[in-house]
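Input: a single structure, listed below in structure tokens.
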Amino acid sequence: MGTNTVSVLLGYGNGSFANQTTYSTGSVPVSVAVGDFNNDNHLDIVVANLYGNTVSILLGYGDGFFANQTKYSTDFVPISVAVGDFNNDIYLDIVVANSAANSISVLLGYGDGSFANQTTYSTGSLPITVAVGEFNSDTQLDIVVANVNDNTVSVLLGYGNGSFANQATYSTGTSPRSVAVGDFNNDTHLDIVVANFDGNTVGVLLGYGNGSFAGETAYSTGSAPIAVAVGDFNNDTQLDIVVANFGGNTVGVLLGYSNGSFANQTTYSTGSDPIAVAVGDFNNDTRPDLAVANFNKKTVGVLLRYDRGALKDKITFAPTDGSRLRNFALFDFNNDSLLDIAVVNYGTNNIGVLLGYGNDTFGNQMVLSTGLNSHPYFITIHDFNRDGQADIAAANYGTKNLITFLGSGNGTFENQGRYSVDFDFAPLIIGASSFNKDGRSEIFVAYDGIDYIDVLVTHDVGSFSNHIKYSTGNWPRSVALGDFNNDTQLDIVIANQYDNTVSILLGYGNGSFTNQTTYSTGSDPFSVAMGDFNNDTHLDIVVSNYGNNTVSIFLGYGNGSFANQTKYSTSSRPRSVAVGDFNNDTRPDIVVANYYGNTLSVLLGYENGSFANQTTYSTGSGPISVAVGDFNNDTHLDIVVANYGNNTISVLLGYGNGSFANQTKYSTGSAPIAVAVGDFNNDNRLDMVVISWNDNTMSVLLGYGNGVFTNQMIYSTGTSPSSIAVGNFNNDTQLDIVVSNGNGKSVSIYMGYPNEGFFKQMRLTTGNESRPKSFAIGDFNNDSQMDIAVANSGNNKIGVFLRHDNGSFENQMAYTTDSSSWSVAVGDFNNDTILDIVVANLGSDNVGIFLGWGNGSFSNQKTFTTGLNSQPNAVAVGDLNNDTLLDIIVANYGTDNIGVLLGYGNGSFTSVKFFSISYGSLPFSISVHDLDNDGKLDFVVANEGADNLNTFLQTC
């Protein structure tokens, strides 16, 4: 704080860190947050400058270094900063707590690293900490602020357009100095925790999900708690609390119970005067560790958490420590008919080649240096010297050149040479094709931020001539190749996003091109594709205009020129366009993925080059990747879309007339970014594979051949999977998968097994925020297959999964329960020889009965009370009174007793009868058996609070 800098300590991944690198800030920096403010996939930093009345933005280069600060004004004495997307434009915004002005400032981000001027909102007195969360179940981000002087927190509900409602205040303990949020009682609603500095407590305020909160419950801490954070520190799926005790030189950990209460703190020594605490996995063991800032020692302490290890269901090849993998390609480099892998190691300045052995393994990486500080970004593979062997060309971001490696055919390469290319931004596209029909491949490069493309023409020995630079429009975004003037030579079309044009460069057939001819498009052309839309044998062009929600059609005259655009409306933010014949009339049609509109637009083509108005089909949120295939074996193309925004894929079955059925959605991991299709279990039916960026997973959904897919089978990937490829790597007739882990310095190989997909695990999805707590097994539809019933505590439902005879399960059928369905059991409660379900509803103090119909479906629940404040969290069934009718027994966590409900044999039950256990026992599990072999059922209860078991033996 005294040096007006921020320090960055890069982690080695083993719990240790490099020495700090410092960057200048404004006057007295006191709070820091991180986020990607300019959408370059690199983390940036925002700092609150206490005495400068500013925040500083330091944009990250992605290599651990940052640009100099840019400052933005705030209100008086900014002391805390947080980030979030407050206006739903997918760009991060900033909120700042201004301690001397009794206000917060909201600065909306433009997505390029710059921000709008502040808008201020009133808070309580001396706001000192700010946090962000969604408190009223409207999917819009809200704000909570801790106010020191008036012992309150302020909650400001967001409207989703960047503005906020006036504050609502809630009382806390004395001098709240820090605030954090989390769901502490598993009701899917965010709660608040504050550190009360002068009260020596942390306070928990449970949220109702409507933007309001219960009164504070206080828990003792050490002296002067000054900072608070949350995390699951004991792997019980319950959020815990960690607090920095400034006066006691400790951190305290309070383990959470599932009802929103917490155990007494356990303390750990720190340095002198700990002032801040953060949670993260610093040694890559998947377990949360703690970092503590010690004010007087001017140090940061790291407390690593220990636990036993775990096995992974993948094969991971780490190219090199620090490699920062950017891209990869598959090819057979040594002519052994086995696929090999080439990886682009941006961080270590080389290309790595891993030769495949055909037995599920790969050789050690062979490193091809691209030069000091070259930072290779993309590669392409072609035969550049006409010797029949695969060569590699790499574009180097750092040294602004292109380098080629000529392949020998045995897996080794010769470093051929570098070619100077003047560019200042990362290449957006690198590709190869033969423009001059000499049998050799030329390379073309388009740049993200430079208004031209480069074409490099090959000579006989696989080297390249000096590049020829061709001007384009501003920010070329998409490139395609075609013959636009019918001279049998390839031409180029480029969509230029920032000046709203497409550029046409006609090829002479000798590797050179004419200067560009431009045609106006709509706003922000983002994607380009081609087809003969008016059946005149001349190629035409279609462009998706991201900025004004249209596509533009340019009909070609066959001489390299085009008619002016004709525009057709799409839904919001068309991001990608493709061409195909969707109605089997031999005329090309258009499909557009609308990122903000959450739709696909299909425009059917007429023979004269015009198109019908769009027909839109709903997808999930943020459709980002699309693939096609015939999923129901009717010879009509179907569509699958990866929905980045709501963690699903959508399947739209085609009717063959240009229309599609409504989507069927399947759950994936978090932020699915790419989808591909293939037959992974060799049953001649197409399956799907999806990779998910946020939770580092790969999902495989097997197809039944009728347009329906199994629930996802989930496999771990490396960090931030970004691209996927499918191939047979070990010649065993099974498709395998390779995934590029963008931030994990690795590629992951998944080997296919016959008739099983990739691994034996199958995951059944119970729904977003469902929090399943218990399951039971039985045959619910009398097909001799065991089905599953699960209690989903988070969304107050039970789910039923019916099993097929091939081992797969249908999607969940959900039935509404009362609050916090916690435990489930099965039995025939009405003597109709059909299984029924009983669920213990912890939040509403009852059990619910669902009578089965024998076809896998069930009646609505009928409830029976278990007693006021009983909180039943376990249920079992048995004939306790020997009348041949099933009874119900529950463990009542809240009232320290066991409840028995005797059955009448018609699906109804007597009032509950209680059996007491000692106070504070907290019974949480129960089992029914004949313990003493007297022909009468007894039961055993496990007590969490008393750390013991109770047995109850029947005597009559």
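Numbering of the sequence shown is given in numbering that gives the first Met the number 0, commencing with residue 0 and proceeding in unit increments. Positions of the beta carbon are idealized from the N, C-alpha and C atoms, including for glycine.
Check, Outcome
"Ignore the nearest five residues each way along the sequence and tell me which others in Asp778's own chain have a CB closer than 8 Å to its CB.", "Gln784, Met785, Asp786, Leu834"
"Where does Asn435 sit, in a helix, a strand or coil, going by DSSP?", "In this predicted model, Asn435 has a pLDDT of only 46, less than 50, meaning its place in the structure is not dependable enough to derive any value."
"Under 7 Å Cβ to Cβ from Thr173, same chain only, skipping five residues before and after it: list those, please.", "Asn150, Asn195, Asp197, Gly198"
"Scan the stretch 847 to 929 and note each continuous alpha helix (DSSP H) run of 4 residues or more that stays entirely inside, going in chain order.", "none"
"Under DSSP, the beta strand (DSSP E) around Tyr169 begins and ends at which residues?", "167 to 170"
"Excluding the five sequence neighbours on either side, which residues of its own chain have a C-beta within less than 7 Å of the C-beta of Leu867, listed in chain order?", "Asp844"
"CB-CB under 8 Å to Gln953, same chain, minus the five flanking residues each way: which ones, in chain order?", "Leu879, Asp933, Lys935, Leu936, Asp937"
"Please confirm if the stretch 571 to 588 is in contact with the stretch 643 to 657, defined as three or more CB-CB distances below 8 Å between the two stretches.", "yes"
"Which word fits Trp474, buried or exposed, when buried means at least 16 other C-beta atoms lie within 10 angstroms of its C-beta?", "buried"
"Thinking C-alpha only, which one of Ile897, Gly893, Leu801, Val229 is nearest Gly853?", "Leu801"
"Restricting to runs no shorter than 3 residues, where is the beta strand (DSSP E) found entirely within the stretch 587 to 643?", "588 to 593, 598 to 602, 614 to 617, 622 to 628, 637 to 642"
"Please go through the same chain and pick out, in chain order, the residues whose beta-carbon is closer than 7 Å to the beta-carbon of Ser571, but skip the five residues on each side of it.", "Asn548, Asn593, Tyr595, Gly596"
"Below 8 Å, can you find three or more Cβ-Cβ pairs linking the stretch 153 to 170 to the stretch 105 to 118?", "yes"
"Taking 6 Å as the line, does the beta carbon of Asp339 fall inside it for any heavy atom of the ligand HEM?", "In the structure on display, the ligand HEM does not appear, and there are no ligands present to speak of."
"Are the beta-carbon atoms of Val95 and Pro77 separated by less than 7 Å?", "yes"
"Measuring only the C-alpha atoms, how far is Ser551 from Ser600?", "14 Å"
"Buried or exposed: which applies to Asp111, given that a residue is buried once 16 or more other Cβ atoms fall within 10 Å of its Cβ?", "exposed"
"Is DSSP giving Asp956 helix, strand or coil here?", "Nothing about residue 956 can be read from this structure; the chain reaches only from 0 to 955."
"Checking 7 Å against the spacing of the C-beta atoms, do Asn949 and Ile925 come in under that value?", "no"
"To the nearest angstrom, report how far apart Ile540 and Val29 are at their CA atoms.", "54 Å"
"Determine, using beta carbons only, whether Asp339 and Gly355 come nearer to each other than 7 Å.", "yes"
"Assign Glu371 to one of two classes, buried (16 or more other C-beta atoms within 10 Å of its C-beta) or exposed (fewer than that).", "For the record, residue 371 in the displayed sequence is Leu; it is not Glu. The residue is exposed, with fewer than 16 neighbouring Cβ atoms inside 10 Å."
"On the DSSP bridge assignment, give the partners of Thr516 in chain order.", "Ile503"
"Write down every uninterrupted run of the beta strand (DSSP E) in the stretch 666 to 723 whose length is 3 residues or greater and which is fully enclosed by it, in chain order.", "671 to 677, 686 to 691, 696 to 700, 712 to 715"
"Does DSSP put Phe236 in a helix, a strand or coil?", "The amino acid occupying residue 236 in the given sequence is Thr; Phe does not appear at that position. Reduced to three states, the DSSP call for Thr236 is coil."
"Measure the alpha-carbon distance for Ser920 versus Ile887 and round it to whole angstroms.", "21 Å"
"The beta strand (DSSP E) that contains Ile89, what's its start and end?", "Note, Ile89: premise wrong, no beta strand (DSSP E); not H, not E."
"How many angstroms separate the CA atom of Val838 from the CA atom of Ile897?", "16 Å"
"Would you be able to state if there are at least three C-beta pairs under 8 Å between the stretch 231 to 238 and the stretch 197 to 217?", "no"
"Suppose the cutoff is 8 Å on Cβ atoms and the five residues either side in sequence are ignored; what does the same chain contact list for Val409 look like?", "First, the amino acid is wrong: residue 409 is Asn here, not Val. Asn333, Asn334, listed in sequence order."
"Can you tell me whether Tyr345 is helix, strand or coil according to DSSP?", "coil"
"Give the DSSP-derived three-state secondary structure of Thr379 in the structure shown.", "strand"
"Drop a sphere of 10 angstroms on the beta-carbon of Thr298, count the other beta-carbons inside from all chains shown, and report buried for 16 or more, exposed for fewer.", "At Thr298, the pLDDT of 40 sits below 50, so the modelled position is not reliable and the matter cannot be decided from this model."
"Note down, in chain order, each residue of its chain lying with its Cβ closer than 7 Å to the Cβ of Ala32, except the 5 sequence neighbours on either side.", "Val45, Val80, Ala81, Val82"
"Who are the Cβ neighbours of Asn607 in its own chain at under 6 Å, not counting the five residues just before and after it?", "Asn533"
"Could you tell me the distance, in whole angstroms, from the CA atom of Thr53 to the CA atom of Thr122?", "19 Å"
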